[in-house]
Every structure is written in C-alpha cells, then in structure tokens.
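Quick note on my numbering: the sequence shown kicks off at 1 and runs consecutively.
Where a beta carbon is used, it is the ideal one built from N, C-alpha and C, also for glycine.
Quick notes on the structure that follows.
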Amino acid sequence: MTDRILILDFGSQVTQLIARRVREAGVYCEIHPFNKVTAQSLQAFGPKGLILSGGPASVLDEGAPLPPACVYESGLPILGICYGQQAICHQLGGKVEPGATREFGRAYVAISDDCALFHGAWAKGGREQVWMSHGDRVTVLPPGFRAVATSEGAPYAAIADDRRRYYAVQFHPEVVHTPHGAKLLGNFVHGVCGLAGDWTMAAFKQQAIQAVRAKVGKGRVICGLSGGVDSSVVAALIHEAVGDQLVCVFVDHGLMRQGEADQVVSVFRDRFNIKLVHRDAADLFLGKLAGMTDPEKKRKTIGALFIDVFEEEAKKAGGADFLAQGTLYPDVIESVSVIGGPSVTIKSHHNVGGLPERMNMKLVEPLRELFKDEVRALGRELGLPEEMVGRHPFPGPGLAIRIPGQEITKDKLAILRAADAIYLEEIRNAGLYDAIWQAFAVLLPVRTVGVMGDSRSYDYALALRAVTSTDGMTADFYPFDMAFLGRVANRIINEVKGINRVTFDVTSKPPGTIEWE
Ligand code: XMP
1 MTDRILILDF GSQVTQLIAR RVREAGVYCE IHPFNKVTAQ SLQAFGPKGL ILSGGPASVL
61 DEGAPLPPAC VYESGLPILG ICYGQQAICH QLGGKVEPGA TREFGRAYVA ISDDCALFHG
121 AWAKGGREQV WMSHGDRVTV LPPGFRAVAT SEGAPYAAIA DDRRRYYAVQ FHPEVVHTPH
181 GAKLLGNFVH GVCGLAGDWT MAAFKQQAIQ AVRAKVGKGR VICGLSGGVD SSVVAALIHE
241 AVGDQLVCVF VDHGLMRQGE ADQVVSVFRD RFNIKLVHRD AADLFLGKLA GMTDPEKKRK
301 TIGALFIDVF EEEAKKAGGA DFLAQGTLYP DVIESVSVIG GPSVTIKSHH NVGGLPERMN
361 MKLVEPLREL FKDEVRALGR ELGLPEEMVG RHPFPGPGLA IRIPGQEITK DKLAILRAAD
421 AIYLEEIRNA GLYDAIWQAF AVLLPVRTVG VMGDSRSYDY ALALRAVTST DGMTADFYPF
481 DMAFLGRVAN RIINEVKGIN RVTFDVTSKP PGTIEWE
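Structure follows, in structure tokens:
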C-alpha cells in the first residue's frame, strides 16, 4: 500500500488545500470527515500520520466536533491546524479561550524556538508571514508541549511535543498567503512522519492501470468522450489498461467550440487508435432546443437527450459491462456540515448519471482519487496533447448556455464560435491561457446600433468572461489590461459578422456564477 496521510476534516473552507499541499510533497493522502474516523477505519486506511483541519466551530461550544480517542491512541504523528490545534489543546489538558483580538488574514509570527516543522524554512529569531483566521486561541499548553512561535493574537501560534510527535499551528500553512506553508507541511510528512515523497504521477499511472485491469477483467468498457480533460484522460488510461475492450462514444451535440469535435476524433481515433463511435447529433439537439430559452429547460433537455443518444450508440456498439466516468476527488470528498443545512440547486449539471442502472453497467472511475491538476499531470504522462490536457473546463451543455435567454440557432452558434476562437487565440498569444481558469465569449440577447464604415449596423453584443478559480466553486474576474481587451474587441468586431459591440464581465462568483446560465 502507498504510504499515506489521513486528514480529518472539521469543515474548514480550505481543507482541500491541505490535501493538495501534501500531495504536492509527493505523499498520497485522503480527507475523511472527523466523525467517520474509528479505530477500525484508521487501521484499514493505514496512515503514517494524521492532520486535523481547521473548522468553523468553537471547542468551547457544547457538542463541539472533536477527534475521537483513537486518534491519540494510534501513536501516529499529528499535526493540528487552527481549529485542529485548539481541539488538541482542549482534549489533552490545555486551555482554549475566546481571543481578545481576532486575527483574520495576514499576520506575522515570531519564531521563538527550533522545530521540526521549520527546517529549511524558518529559523529561531525570525519573523514570518502567515495567514490567520481565528477567534478562539490557546492560552494554556497541554503537558508535554512547548511554544515555538507566537503572534500578536496567539501566544501559541505554533507548538510542539517532539516526544509524541504532536505539532500544531494556529495559522493556515495550506494557503498561499503563508509563503512557507507548503514547506512546513512537507516537513511534517517527510521529516516527522518519515514518508519518502515518492507518490508521483508515473507511479499512480501504473497503479491505476493495474486497478482497471483487476476490476474490468475481460469485460467491455464504454466511455463517453466529451473532449474535456477528464474524459480524455479516463479514455487514454483505460485504453492503455485494456486496449480494445474499450469503446468510446463521442456524442457531438453541435454545441462544441471551434475545431473541438475534429480534435477529439483525430486524437483518439487516429493517434491513439481507440475504437471511437462519433455520432453527429447536432440536428437532433438543435431540433429539440428549437424555441427554448429557459436555462433550466435547456440544461435538462440537453442532459436527457445526451443520455438517450449515448445509450443508443452504446447499444449499437454491442453494449458493455462497465461505464467509465471521469469522477474527480473533489466530487468524492464527503463534506462535513458542522453548521448549515442542505444546499439549494443553482443549476442542473449535465452528466450521465442514471445510465449505469438503466443499462445494467458497473462504474469504473479511475480518477476518483485525483485533483484536477493531478488529472492534467496524468494526461501528460499518458501522452495526451498539451492543448487537450491544459484545456479550460467546458460545460456539458456546451455553447447552449453561452447564448443566454434566447433561442439557439446554427447562425448564432457560428457567430459565437468565431468570436470565442479569436478571444482564446489572443489569450494564448498573450501567454495568459494558463493563468486563467476559464475564458469564453457569451452571445447576448440584445442587438445594438453601431457605425461601420459609412453605414449603420444593428448587430449582436458579445460579453467576454475570464475568471480565476481553484475549483470553480468561487471565482474572480481576470484583470486584463485595457489595451488587451481593446485589441480583442477590435478583432472580433472586424472579423465576425453579426457582432458590433463587445463588453467585459467583471462579476465574481459569488454572487455571479461562472457561466451565464
Ligand atoms: P457555474 O456556472 O455554476 O460553473 O459557476 C462552475 C463550473 O462548472 C462548469 N459547468 C458545468 N460543467 N456540466 C459540466 O460538466 C454542466 O452542466 C456545467 N455547468 C457549468 C462551468 O463551466 C464552470 O467551470
């Protein structure tokens, strides 16, 4: 079994970042809800160290979420972060009190002693930037601990019990605003827990291939290809594992971007030699979408039709025992809700849920343990072209939700495709593509008056959107410089017939969403 770390989640907004940093240090880890951890589950998972995350609760509240006794009885090294530190101190005989000064955001710690967490990063006597977000603070240390760093609001900003290998910090080492935070986490997993850091994508690829072979045996696998990163990587991986037992079905709903459909066919059929069914269903989809303007109706229509067509093609191809899906780790992590209730549906996301039961297929989800950037690394390892692996996310319903509040027609799709392609080309030429999570054009349901040459124009307005994000859950608009935007607008208006005005969307998420529908 791969050496691993277990992260107990107490509901922090940034728990996933702990896992990211640990994996970047070459160590496999998983996040489990604190209340699902038992002596048996610990033994089954077999971690070499534990990390207790932050969280919104206060240990002073009645019924506060706390690590179970087996955590301390395990004899494993423990790192407590923020709430995790308070939980350790509260449970092991120290004291936590509401802080007189709440610390939020950037803060500085004074390094008062050497510590295994600090090797190669922080030295005694130094003053270092960290990111804090706490109200309560530790005021009395449990027996066995010593303070190794202090801040204005937290006398015990970092503490250590070297004998038991327990370490705890009030700040968040997992966020980038703690500049040496990744090094501190690396020191915990390598130095304290003794893990080698040999969890690489090359190693993962070999394990994943073995796992797919073991699961699938001689069975047949069907995989829906969308041209996106996740399904492309799944297809390439499964093909490497079981070759011709894999059939890919690419349902082209006619709502793809410029050149995308051709690329899918050429990469998978021609280059990888994968059995690929390419169904051009543009007329079918556009026919069903005719006259439809409501976002949820569009989404649901596309989602349902997609499943119908996929099922039809899957059956034609001879059926399968397994359906391959590009489920990623963020979809799998069970969230703990320490406070708050069920969330509302903002948008109906499009996927092939329901199909496995309908067609009596089992699921193969070889990316279940990976974050998006790890999927990209795996794609490179499998030899997928960079423009596919590094591609921005693209929604299942495609361009249909980028023609908001209006009927989808072939003409509008052609206008949008052309404008979108120019925008992305300019972004690539400016070297900005990888700094942006997602960039796209939106064809607005409004026509505006312009003057081109000596004549009056009355054409569509277009919105450009570009956001930064780490997971699509929150996002901020990308701050292009005005000269760049002006250049893009100029090109689009000159080169794309049907558009005479270009705007830029400066909405963050929340309150906006990334897509317009
Ligand atoms: P929103 O618009 O909800 O989008 O802020 C968040 C991220 O999800 C993508 N998105 C989808 N992806 N099927 C998908 O696979 C969908 O139906 C879908 N709708 C939105 C969106 O592009 C962004 O990356």
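Nearest to Glu152 by CA position, among Ala483, Phe145 and Arg106, is which residue? Residue numbering aside, residue 152 sits at position 152 when the sequence shown is read from its first letter. Looking at the Cα atoms, Arg106 is the closest of the given residues.
Please confirm if the region 86-105 is in contact with the region 138-153, defined as three or more CB-CB distances below 8 Å between the two stretches. Contact between the region 86-105 and the region 138-153 is present, because at least three Cβ pairs lie under 8 Å.
Per DSSP, cross-strand counterpart(s) of Thr503: Sequence index remark: in the sequence shown, residue 503 carries index 503 (1-based). BP columns for Thr503 point to Ala463.
State the beta-bridge partners of Val140 as determined by DSSP. Counting from 1 along the sequence shown, the entry for residue 140 is found at position 140. Lys95.
Burial state of Met525 (16 or more Cβ within 10 Å): The displayed coordinates of the chain run from 1 to 517. Any statement about residue 525 would go beyond what the structure contains.
DSSP state of Phe440, grouped into three classes? Residue numbering aside, residue 440 sits at position 440 when the sequence shown is read from its first letter. In this structure, DSSP gives Phe440 an extended state, which the three-state scheme calls strand.
Which residues in the same chain as Thr468 place their Cβ atom closer than 6 Å to its Cβ, once the five residues preceding and following it in sequence are excluded? By one-based count along the sequence shown, residue 468 stands at place 468. The residues are Trp437, Asp476 and Tyr478.
Please state if the CB of Pro393 and the CB of Gly228 are separated by a distance shorter than 8 Å. As a position in the sequence shown, residue 228 is number 228, starting the count at 1. As a position in the sequence shown, residue 393 is number 393, starting the count at 1. Contact flag set, yes.
Report back the beta-carbon spacing between Ser348 and Lys300 to the nearest angstrom; my notes put them in contact at under 8 Å. The residue you call residue 348 lines up with position 348 of the sequence shown. The residue you call residue 300 lines up with position 300 of the sequence shown. Taking 8 Å as the upper bound for CB-CB distance, Ser348 and Lys300 are in contact here, some 6 Å apart.
Test item: CB-CB of Leu185 and Arg4 under 8 Å: One-based indexing of the sequence shown puts residue 185 at position 185. One-based indexing of the sequence shown puts residue 4 at position 4. Arg4 is positioned such that its CB atom lies no closer than 8 Å to that of Leu185.
Using DSSP with H/G/I as helix, E/B as strand and the rest coil, what is Asp248? By one-based count along the sequence shown, residue 248 stands at place 248. The sequence given here has Cys at residue 248, not Asp. Cys248: strand per DSSP, three-state reduction.
Best match in Ile209, Thr503 and Glu374 for proximity to Val446 [C-alpha to C-alpha]: Locating residue 446 in the sequence shown gives position 446, where the first residue counts as 1. Its Cα nearest to that of Val446, the residue Thr503 stands out among Ile209, Thr503 and Glu374.
Is the beta carbon of Gln438 within less than 7 Å of some heavy atom of the ligand XMP? Position 438 of the sequence shown, counted from the start, is the residue given in the question as residue 438. Gln438 Cβ: within cutoff of the ligand XMP.
Three Cβ pairs or more, each shorter than 8 Å: is that satisfied between the region 367-375 and the region 314-331? Proximity of the region 367-375 to the region 314-331 meets the contact definition, three or more beta-carbon pairs being nearer than 8 Å.
When you compare the region 409-416 with the region 310-319, are there three or more beta-carbon pairs, one atom per stretch, that lie closer than 8 Å? Output reads no: the region 310-319 does not touch the region 409-416.
Cys89: which of Ala116, Arg102, Leu60 and Asp113 sits nearest, CA to CA? What you label residue 89 is simply residue 89 of the sequence shown in a count that begins at 1. Leu60 is the residue among Ala116, Arg102, Leu60 and Asp113 whose C-alpha sits nearest the C-alpha of Cys89.
Are Tyr221 and Leu246 touching if we call contact CB-CB under 8 Å? Within the sequence shown, residue 221 is the residue found at index 221, counting from 1. Within the sequence shown, residue 246 is the residue found at index 246, counting from 1. Looking at the sequence shown, residue 221 is not Tyr but Val. Yes, the pair counts as a contact, with Cβ atoms nearer than the cut-off.
Are the CB atoms of Gly398 and His253 within a distance shorter than 8 Å? Here residue 253 refers to the residue found at position 253 of the sequence shown. Here residue 398 refers to the residue found at position 398 of the sequence shown. Yes, the pair counts as a contact, with Cβ atoms nearer than the cut-off.
Count Cβ pairs between the region 381-391 and the region 346-360 that sit closer than 8 Å; are there 3 or more? Contact between the region 381-391 and the region 346-360 is absent, with fewer than three C-beta pairs closer than 8 Å.
Where Val518 and Asp230 are concerned, what is the direct C-alpha to C-alpha distance, given to the nearest angstrom? Any question about residue 518 goes unanswered here, given that the chain covers just 1 to 517.
Is the region 149-166 in contact with the region 67-84, if contact means three or more CB pairs nearer than 8 Å? Three or more pairs of CB atoms, one per stretch, sit closer than 8 Å, so the region 149-166 contacts the region 67-84.
Taking Lys297 as part of the alpha helix (DSSP H), name the residues at either end of that continuous run. On the sequence shown, residue 297 is found 297 positions in, with the first residue counted as 1. Lys297 -> alpha helix (DSSP H) spans Pro295 to Lys316.
Near the ligand XMP: Lys124 beta-carbon under 7 Å from a heavy atom: Numbered from 1 along the sequence shown, position 124 holds the residue referred to as residue 124. No.
How far does the alpha helix (DSSP H) with Lys183 in it reach, from first residue to last? Position 183 of the sequence shown, counted from the first residue, corresponds to residue 183. Where Lys183 is concerned, the enclosing alpha helix (DSSP H) stretches over Gly181 to Gly186.
Excluding sequence positions up to five away, which residues of its chain have a Cβ less than 7 Å from the Cβ of His190? Taking the first residue of the sequence shown as 1, we reach residue 190 at position 190. Around His190: Ala25 and Gly197.
Compute the distance between the beta-carbons of Tyr423 and Trp199, then report whether it is under 8 Å. Within the sequence shown, residue 423 is the residue found at index 423, counting from 1. Within the sequence shown, residue 199 is the residue found at index 199, counting from 1. Their beta carbons are not under 8 Å apart, which means Tyr423 does not touch Trp199 by this criterion.
In the DSSP output, what is Met452 paired with across the bridge? Translated into the one-based positions of the sequence shown, residue 452 becomes position 452. Residue pairing for Met452: DSSP places it in a beta bridge opposite Ser455.
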